[in-house]
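*Asks:* Got a structure for you, questions after.
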Amino acid sequence: MDRYKYPLRYGEDEGYEHRDKAVFKMLVPLESAIAQHGYMGGIDPCATDLAIFPFVRQFAAVDPAWFAHQPLPALQAWLAGWMASPLFATCMVKLPSQSIRPFPTLGKPRADTTR
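Numbered by our numbering, the letters in the sequence shown go through residues 1276 to 1390 in order.
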């Protein structure tokens, strides 16, 4: 990612070679999995979706016009869905440094099963 996003840091003029490798090795397999089920773990979001989302978001942000024209419709829709989600909006609120805030609730709390 960094070699694509910041090629000058690595003594390169452009990061296109690294971008193309990432598309082949990461984005195409993600596209296939998401196209098949909607999310990485199946029909419902899972921790893998949350873990890979920042990478895909940053990758798309380097050149949004290029990313929008790639043959990755399921991945693009998946990314748009996460970016429009209330969870993402809540997580991206800028807070003062060193402030503490409770974790957002994602729906109904689970029942306590330890009793």
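Using N, Cα and C, we set each Cβ at its ideal position, and we do this for glycine too.
Computed from a predicted structure; not experimentally measured.
Could you pull the DSSP bridge partners for G1317 from this structure?
*Replies:* Its beta-bridge partners are Y1314.
*Asks:* Taking T1323 as the reference, give the member of P1348, I1309, R1376, P1377 with the closest Cα.
*Replies:* Nearest C-alpha to T1323: I1309.
*Asks:* If you count every other CB in all the chains shown that lies within 10 Å of the CB of V1368, and 16 or more means buried, which is it?
*Replies:* V1368 is exposed by the Cβ-count criterion.
*Asks:* Tell me which residues share the same chain as V1303 and place their Cβ nearer than 8 Å to its Cβ, disregarding the 5 neighbours each side in the sequence.
*Replies:* Cβ within range, chain order: L1347.
*Asks:* In terms of residue numbering, what span does the alpha helix (DSSP H) encompassing D1324 cover?
*Replies:* D1324 -> alpha helix (DSSP H) spans 1322–1337.
*Asks:* Less than 8 Å between the CB atoms is what I'm expecting for L1350 and L1305, so what's the real figure, rounded?
*Replies:* About 5 Å separates the two Cβ atoms, so the contact holds.
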